[in-house]
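What follows is a short report on a single structure.
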Amino acid sequence: MFEHLAKWRAIVVSGPQRSGTTIAARMIAADTGHRYIDEAEFGVHILAIWLRVVQDSRGVVVQCPGMSHRLCDIGTLDDVLVLWMLRPTSDILTSQRRIGWQDRQERRHYMRLTPLASEPDSAISDVKLDYWRSTQRARVAHWLELEYESLKEHPLWVPKEQRRRFTAKQWRVDDE
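So the sequence shown is residues 0 to 175, counted in numbering that gives the first Met the number 0.
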């Protein structure tokens, strides 16, 4: 499904938390033969390490929803593809509640970047998508948007009824 992406030196998979960045990055890594790098390897929000990983690594798929506000920092790299995950807000919120994910740090990253971040009733996933579409997408040389639901066609897909008890980073049934 993603074999055609193997030509990229690095593939950065970002978007809102709980939008499918982990499973999409795992699927892309499996199909391209690139090494999967989880955001935990660079401390989720540690900019200098993330930049070094993206700028210096070859043959990697970097899962990084926590760095979505910094995608412009790598946007001019010609051999890097940024892949933005799209998933309905209601599904993201349901997934966030299921695992107890809280918007502790994310909103503050966007406060100076988009007015939507200041609206108390706005979901952080909507804030991120607004900034991606209004600002970042035009500043990134190579990008794709990927619908979460399109992943159902991949052999690594796990049906929703089997994911009900998955942990935050779990992506296979045998990881339980």
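All residues carry an ideal CB built from backbone N, CA and C; glycine is no exception.
Per DSSP, which one or two residues make a beta bridge with Ser13? Counted from its first residue, the sequence shown places residue 13 at position 14. DSSP lists Trp83 as partners of Ser13.
Which ranges does the alpha helix (DSSP H) cover as unbroken runs of at least 4 residues, wholly within the segment 123–175, from first to last along the chain? For the segment 123–175, the full-length alpha helix (DSSP H) segments reaching 4 residues or more read 123–130 along the chain.
To the nearest whole angstrom, what separates the beta carbons of Thr88 and Gln62, a pair I think is in contact under 8 angstroms? Within the sequence shown, residue 88 is the residue found at index 89, counting from 1. Within the sequence shown, residue 62 is the residue found at index 63, counting from 1. About 20 angstroms separates the two Cβ atoms, so there is no contact after all.
Who are the near neighbours of Trp181 in its chain, counting only those whose CB is closer than 8 angstroms to its CB and skipping five residues on each side? The requested residue 181 does not occur in the structure, where the chain is confined to residues 0 to 175.
Could you check how far apart the C-beta atoms of Leu115 and Asp125 are, in whole angstroms? I think they sit under 8 angstroms. Sequence index remark: in the sequence shown, residue 115 carries index 116 (1-based). Sequence index remark: in the sequence shown, residue 125 carries index 126 (1-based). With a Cβ gap of about 7 angstroms, Leu115 and Asp125 count as contacting.
What are the partner residues of Arg34, as DSSP defines its beta bridges? Against the sequence shown, residue 34 aligns to sequence position 35. Bridge partners of Arg34: Val59.
Rank Lys151, Lys6, Val12 by C-alpha distance to the C-alpha of Arg57 and give the top, closest one. Within the sequence shown, the letter at position 58 stands for residue 57. It is Lys6 whose Cα lies nearest to the Cα of Arg57.
Assigned exposure category for Ile177 - 16 Cβ within 10 Å defines buried: The chain is shown from 0 up to 175; residue 177 falls before or after that span and cannot be answered.
Three-state class that DSSP yields for Gln101 in the structure shown: Along the sequence shown, read from residue 1 onward, the residue named residue 101 stands at position 102. Reduced to three states, the DSSP call for Gln101 is coil.
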